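Comments concern the structure below.
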Amino acid sequence: EAEVAQSPRYKITEKSQAVAFWCDPISGHATLYWYRQILGQGPELLVQFQDESVVDDSQLPKDRFSAERLKGVDSTLKIQPAELGDSAMYLCASSPGTFTDTQYFGPGTRLTVL
Amino acid sequence: GQNIDQPTEMTATEGAIVQINCTYQTSGFNGLFWYQQHAGEAPTFLSYNVLDGLEEKGRFSSFLSRSKGYSYLLLKELQMKDSASYLCAVIGDAGNMLTFGGGTRLMVKP
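This is how it looks when you write it as structure tokens:
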């Protein structure tokens, strides 16, 4: 069964450092999402791509976060500089096409900022 | 804005039935999802409702009333492995985003 791949699974960094997360969606899925999930809360959408284009990044803190999906396949989310409040699970999800399609989530990257 | 409410925690007994409620207030409505999330793992899809009524899938069923802004997830014949968080999520009209509730942590006891 096809799955969304993410790496690394865990990342520990010091504040003010740069971190990057990678996501490879299910093959053929046009839409890719990055979410942030703070412990005990539901996921919060950071950015949504349709192929290589950003559809929605209204919740992305653009002063420190950036995301790209250059060839419309895999994607990278970067934080620079990391802050203590960025400690969370970063989830990537993909769906075949339209926004009503089921989203399939990857295993996530657990970020701890010290 | 989007507002989705669900209870924070619930406890039930193995073999019993439990109903997890979700109420929502969104700008427009294009469907409601339920996801299951075990601790430290990614959410996995359980159900999708876009029309009023009950959708049954094995031990799990999901109900939707659009006029009341209300949904519930019904879990029958509870098993210990059902201990997890259950996330209600709605697609409104605001940029077609999927907005999640805070999740309901279900603990199944022997």
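As you go down the protein sequences, you meet chains Y and R in turn. The first sequence begins at 1223 in my numbering and counts up by one. The second sequence begins at 41 in my numbering and counts up by one. A virtual CB, placed ideally from N, CA and C, is assigned to each residue, including glycine. Note that the structure is a prediction, hence the values are computed from the model and not measured.
Contact check, T144(R) vs S125(R) under 8 Å by CB: the rounded distance? 7 Å
_On the CB-based measure, 16 or more other CB atoms within 10 Å of its CB, does F193(R) come out buried or exposed?_
Only positions 41 to 150 of chain R appear in this structure, which leaves residue 193(R) out of reach.
Could you check which residue in G80(R), Q59(R), Q42(R) has the C-alpha nearest to that of Y1312(Y)? That would be G80(R), whose Cα lies nearest to the Cα of Y1312(Y).
Which residues, in order along the segment 63 to 79 of chain R, keep a beta-carbon less than 9 Å from a beta-carbon of chain Y? N70, G71, F73, Y75, Q77
Please identify the residue among Q76(R), A82(R), K116(R) whose C-alpha is closest to the C-alpha of Y1257(Y). A82(R)
With a cut-off of 9 Å, does the C-beta of F103(R) fall near any C-beta of chain A? The chain labelled as chain A is not found among the protein chains of the depicted structure, namely Y and R.
*Determine the extent of the beta strand (DSSP E) in which M1311(Y) is found, giving its start and end residues.*
1310 to 1317
Practice item. Taking P1329(Y) as the reference, give the member of Q1259(Y), L1306(Y), S1288(Y) with the closest Cα. Key: Checked all of Q1259(Y), L1306(Y), S1288(Y); the closest Cα to P1329(Y) is Q1259(Y).
What whole-angstrom Cβ distance do S1297(Y) and F1271(Y) have, given they're in contact under 8 Å?
6 Å
Discussion item. Can you check whether the C-beta of F100(R) is within less than 9 Å of a C-beta belonging to chain Y?
Written reply: no
> Of all the options L1267(Y), L1336(Y), I1234(Y), which has the alpha carbon lying nearest to the alpha carbon of F1287(Y)?
Replying inline: L1267(Y)
Amino acids of chain Y, ordered along the chain, whose beta-carbon sits closer than 7 Å to that of L138(R): L1267, Q1325
- prompt: Got a sec: is the Cβ-Cβ distance from T1334(Y) to anything in chain R below 9 Å?
  reply: no
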